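Asks: I am attaching a structure below and will ask some questions about it afterwards.
Protein chains: 4
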Amino acid sequence: MSITIEQARHIVELMMEKDAFSQWLGIRVVDIAPGICQLQMTVGEEMCNGFSIAHGGIPFALADSCCSFSVNAHGRKSLSVETSISQFKGIQVGDTLTCESTEESLGKKIGVYTAIITNQDGVRIAIFKGTYYRSDKRWLEPEDQAAGEAAL
Amino acid sequence: MSITIEQARHIVELMMEKDAFSQWLGIRVVDIAPGICQLQMTVGEEMCNGFSIAHGGIPFALADSCCSFSVNAHGRKSLSVETSISQFKGIQVGDTLTCESTEESLGKKIGVYTAIITNQDGVRIAIFKGTYYRSDKRWLEPEDQAAGEAAL
Amino acid sequence: MSITIEQARHIVELMMEKDAFSQWLGIRVVDIAPGICQLQMTVGEEMCNGFSIAHGGIPFALADSCCSFSVNAHGRKSLSVETSISQFKGIQVGDTLTCESTEESLGKKIGVYTAIITNQDGVRIAIFKGTYYRSDKRWLEPEDQAAGEAAL
Amino acid sequence: MSITIEQARHIVELMMEKDAFSQWLGIRVVDIAPGICQLQMTVGEEMCNGFSIAHGGIPFALADSCCSFSVNAHGRKSLSVETSISQFKGIQVGDTLTCESTEESLGKKIGVYTAIITNQDGVRIAIFKGTYYRSDKRWLEPEDQAAGEAAL
Chain A
17 MSITIEQARH IVELMMEKDA FSQWLGIRVV DIAPGICQLQ MTVGEEMCNG
67 FSIAHGGIPF ALADSCCSFS VNAHGRKSLS VETSISQFKG IQVGDTLTCE
117 STEESLGKKI GVYTAIITNQ DGVRIAIFKG TYYRSDKRWL EPEDQAAGEA
167 AL
Chain B
17 MSITIEQARH IVELMMEKDA FSQWLGIRVV DIAPGICQLQ MTVGEEMCNG
67 FSIAHGGIPF ALADSCCSFS VNAHGRKSLS VETSISQFKG IQVGDTLTCE
117 STEESLGKKI GVYTAIITNQ DGVRIAIFKG TYYRSDKRWL EPEDQAAGEA
167 AL
Chain C
17 MSITIEQARH IVELMMEKDA FSQWLGIRVV DIAPGICQLQ MTVGEEMCNG
67 FSIAHGGIPF ALADSCCSFS VNAHGRKSLS VETSISQFKG IQVGDTLTCE
117 STEESLGKKI GVYTAIITNQ DGVRIAIFKG TYYRSDKRWL EPEDQAAGEA
167 AL
Chain D
17 MSITIEQARH IVELMMEKDA FSQWLGIRVV DIAPGICQLQ MTVGEEMCNG
67 FSIAHGGIPF ALADSCCSFS VNAHGRKSLS VETSISQFKG IQVGDTLTCE
117 STEESLGKKI GVYTAIITNQ DGVRIAIFKG TYYRSDKRWL EPEDQAAGEA
167 AL
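Structure, rendered in structure tokens:
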């Protein structure tokens, strides 16, 4: 029983509604499908560190949300077990970041994703890799899934 | 010319003063010395994700600040090149997190740190590993260092 | 039903017997208990890279064996899902490496381990972090476990 | 002074000549250019672990050689500082692995690469991410570079 794009969007809407931190970051969901996600956000002064550039937690959080949405959009509640980021460039206040995920592997228990962050000039800022554990719990109950399909 | 504990504290004060994001997180510097740092923070509702637990970016940011302070406290301006976190337990609203770093290696150009995050019950939440590039730029100019030494 | 030290040793003997690559590396099991392992090996010329130092795959393989033995010694067949290594120092031909693991977390499905590699002079060479998925398959069948316990 | 494809090939020939471990693995250089590399190898019984599949050190070593060749092919002697691998599938004896790198970032001091390993059926086996420190030492002395250019 696979998930439709409409259902994937509904799952990420449910996640974003309660995701106070992604809201604080100003994350916008540009695109979502099972296993794929594109997010954007603009960096504010309140997100900077002692070097007056974005704190390392900011691009990490953006990419973690992006990959988390990607794997959860397959329908099963999934949590990160290991995540890493390599940052190449500093991020300035006012920069608009785009983050796009790639599904490297989707197994029964484990999903692996990478995400690339670029700025408004298309310059690559960072690459993220995340390993997610897929639990047996589902985002949409069978009746919700049926409703979702009916809605299409 | 090595850095004293007093100078290490001064460097981290300078970093925290401008670190708006660490301030937003409510990070408190419990202990600092060259290569070692202990931080604390309490998790608020605004830091949660769609699972109503702390967003993965929160413990990452805490540990990244902790290891960044540790390596910068040696006196040279240093930036992360690669960081990773393995999270074992969910973090609830109201949890008080303690993060403590260990200096795994300090080379001329590269410093490697780990940090362990525990909650108020002493339960381990996550382990972080960070690789930092040490630039030639210094936090304290020679006169500041002399002044710091004189102040002792 | 927890695993005794004797059973942990038996599991790692079973693993080492079939582990042709660990044998080729000349890995010796110095110490083993559920969740803990210490290994040693001496670096040969056939393990070197184009810089005439040990290839990066050598300390990685040593640490991966060490953490894999640690988690499997709990009795359940376990496989790595994500592993990383930070190497600080080059390894010369003839160096004897000691690798010792620490169990950072042991959950129902996921175990997380770190391992430190030192050389014969006690100099730290590398730190490894590994995340392992614990399957439901067991190394010792119930009768074997009973036999193991009887043998004690 | 950038490196030509011919010079990149010459650097990797110099590296492979002395790289006893890559030779033991049976690594073949399929393609090389500055920042890009494709390698192949076939897994032998002597490379297996206690599960009778390839030891985790084998795909790691293949990918580490691949990314190391990629970054060194730019002309400056470069060493890994942090590397990680996520393995999705077991590797059987007799499998032929192909590893191909992507240059995620090339800075003055740091290069970041990913590599994907697939088997003979095109199935993805693992993704690797490596961070390399670029030293000031060069593989080709100015006269060698001139000679290389003249040879073209």
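Chains as they are written, first to last, in our numbering: chain A, 17 to 168; chain B, 17 to 168; chain C, 17 to 168; chain D, 17 to 168.
We put the beta carbon where it would ideally sit given N, CA and C, even for glycine.
What you are looking at is a predicted structure, and each value in this text was computed from that prediction instead of being measured.
Tell me which same chain residues have a C-beta within less than 7 Å of the C-beta of Ala162 (chain C), skipping the five on either side of it?
Replies: Here residue 162 (chain C) refers to the residue found at position 146 of the third sequence. Caution applies to Ala162 (chain C), whose pLDDT of 48 falls short of 50 and renders its modelled position unreliable; the value that the coordinates give is listed next. Once the five neighbours on either side are set aside, Ala162 (chain C) has no close Cβ partner at all.
Asks: In whole angstroms, what separates the C-alpha of Glu98 (chain D) from that of Met31 (chain D)?
Replies: Position 82 of the fourth sequence, counting from 1, holds the residue named residue 98 (chain D). Position 15 of the fourth sequence, counting from 1, holds the residue named residue 31 (chain D). Approximately 20 Å, taken between the alpha carbons.
Asks: Kindly list, in the order they appear in chain D, the residues whose Cβ is closer than 8 Å to that of Gly123 (chain A).
Replies: Within the first sequence, residue 123 (chain A) is the residue found at index 107, counting from 1. Here the neighbours are Phe104.
Asks: Counting contacts by CB-CB distance shorter than 8 Å, is Val128 (chain D) in contact with chain A?
Replies: Indexing the fourth sequence from 1 puts residue 128 (chain D) at position 112. Chain A contact via Cβ: present.
Asks: Three-state secondary structure (DSSP) at Ala89 (chain A)?
Replies: As a position in the first sequence, residue 89 (chain A) is number 73, starting the count at 1. Three-state DSSP puts Ala89 (chain A) in coil, outside helix and strand.
Asks: Based on Cα-Cα distance, which residue from C:Gln23, C:Val139, C:Val59 lies nearest to Gly42 (chain C)?
Replies: Taking the first residue of the third sequence as position 1, residue 42 (chain C) is located at position 26. Among C:Gln23, C:Val139, C:Val59, the Cα nearest to that of Gly42 (chain C) belongs to C:Val59.
Asks: Below 6 Å CB to CB, which residues in the same chain sit around Gln54 (chain D) once its five sequence neighbours on both sides are set aside?
Replies: Locating residue 54 (chain D) in the fourth sequence gives position 38, counting from the first residue. Cβ within range, chain order: Val46, Asp47, Glu116.
Asks: Beta-carbon within less than 8 Å of Gln108 (chain C)'s beta-carbon, same chain only, minus the 5 sequence neighbours each way: which residues are those?
Replies: Along the third sequence, read from residue 1 onward, the residue named residue 108 (chain C) stands at position 92. Cβ within range, chain order: Val59, Ile69, Ala70.
Asks: Measure the alpha-carbon distance for Ala50 (chain C) versus Gly146 (chain A) and round it to whole angstroms.
Replies: In the third sequence, the residue the question calls residue 50 (chain C) occupies position 34. In the first sequence, the residue the question calls residue 146 (chain A) occupies position 130. The residue asked about is misnamed: residue 50 (chain C) is Pro in this sequence, not Ala. Whole-angstrom Cα-Cα distance: 28 Å.
Asks: Would you report the Cα separation of Gln136 (chain B) and Gly106 (chain B), rounded to the nearest angstrom?
Replies: On the second sequence, residue 136 (chain B) is found 120 positions in, with the first residue counted as 1. On the second sequence, residue 106 (chain B) is found 90 positions in, with the first residue counted as 1. Taking the straight line joining both Cα atoms gives about 13 Å.
Asks: Would Asn135 (chain B) count as contacting chain A if we go by Cβ distances under 8 Å?
Replies: Mapped onto the second sequence, residue 135 (chain B) falls at position 119. Judged by the 8 Å Cβ criterion, Asn135 (chain B) is not in contact with chain A.
Asks: Is there a Cβ from chain A that is less than 8 Å from the Cβ of Val59 (chain C)?
Replies: Counted from its first residue, the third sequence places residue 59 (chain C) at position 43. No, Val59 (chain C) lies away from the interface with chain A (no Cβ there is under 8 Å from its Cβ).
Asks: Distance check for Phe85 (chain C) and Gly72 (chain B), CA to CA, integer angstroms please.
Replies: Stepping through the second sequence from its first residue, residue 72 (chain B) is reached at position 56. Stepping through the third sequence from its first residue, residue 85 (chain C) is reached at position 69. The alpha-carbon atoms of Gly72 (chain B) and Phe85 (chain C) are separated by roughly 29 Å.
Asks: Return no unless some Cβ of chain A is closer than 8 Å to the Cβ of Leu156 (chain B).
Replies: By 1-based counting over the second sequence, the position of residue 156 (chain B) is 140. No, its Cβ sits nowhere closer than 8 Å to a Cβ of chain A.
Asks: How would you call Gly110 (chain C), buried or exposed, if buried means at least 16 neighbouring beta carbons within 10 angstroms?
Replies: Working through the third sequence from its first residue, we reach residue 110 (chain C) at position 94. Result: exposed.
Asks: So, for Ile21 (chain B): in the same chain, excluding its five sequence neighbours on each side, which residues have a beta-carbon less than 6 Å away from its beta-carbon?
Replies: Reading the second sequence from its first residue, position 5 is the one you call residue 21 (chain B). Same-chain partners within the cutoff: Ala49.
Asks: Taking Leu156 (chain D) as the reference, give the member of D:Phe76, D:Gly66, D:His90, D:Ile143 with the closest Cα.
Replies: Numbered from 1 along the fourth sequence, position 140 holds the residue referred to as residue 156 (chain D). Considering only alpha carbons, the answer is D:His90.
Asks: Can you have a look at Ser18 (chain B) and say buried or exposed, based on whether 16 or more other CB atoms are within 10 angstroms of its CB?
Replies: As a first step, residue 18 (chain B) is located in the second sequence; it is residue number 2 there, counting from the start. So Ser18 (chain B) counts as exposed.
Asks: Under 9 Å Cβ-Cβ, which residues of chain B neighbour Lys145 (chain C)?
Replies: As a first step, residue 145 (chain C) is located in the third sequence; it is residue number 129 there, counting from the start. Going along chain B in sequence order, the residues near Lys145 (chain C) (Cβ under 9 Å) are Ser100, Ser102, Thr130, Ile143, Lys145.
Asks: Along the chain, where does the alpha helix (DSSP H) containing Glu29 (chain C) start, and where does it finish?
Replies: Translated into the one-based positions of the third sequence, residue 29 (chain C) becomes position 13. Where Glu29 (chain C) is concerned, the enclosing alpha helix (DSSP H) stretches over 21-34.
Asks: Please decide whether Ser38 (chain B) counts as near chain A, where near means a Cβ-Cβ distance under 8 Å.
Replies: In the second sequence, residue 38 (chain B) corresponds to position 22, counting from 1. Taking Cβ atoms only, chain A reaches closer than 8 Å to Ser38 (chain B), which makes this a yes.
Asks: Out of D:Lys153, D:Ile141, D:Ala24, D:Ile27, which has the shortest C-alpha to C-alpha gap to Thr112 (chain D)?
Replies: Within the fourth sequence, residue 112 (chain D) is the residue found at index 96, counting from 1. It is D:Ile141 whose Cα lies nearest to the Cα of Thr112 (chain D).
Asks: Please list, in chain order, all residues of the same chain as Val139 (chain C) whose beta carbon is under 8 Å from its beta carbon, the five residues on each side excluded.
Replies: Against the third sequence, residue 139 (chain C) aligns to sequence position 123. Excluding residues within five positions, the ones whose Cβ falls inside 8 Å are Lys105.
Asks: Name the chain F residues that come within less than 7 Å of Val87 (chain D), Cβ to Cβ?
Replies: Chain labels in this structure do not include chain F; the protein chains are A, B, C and D.
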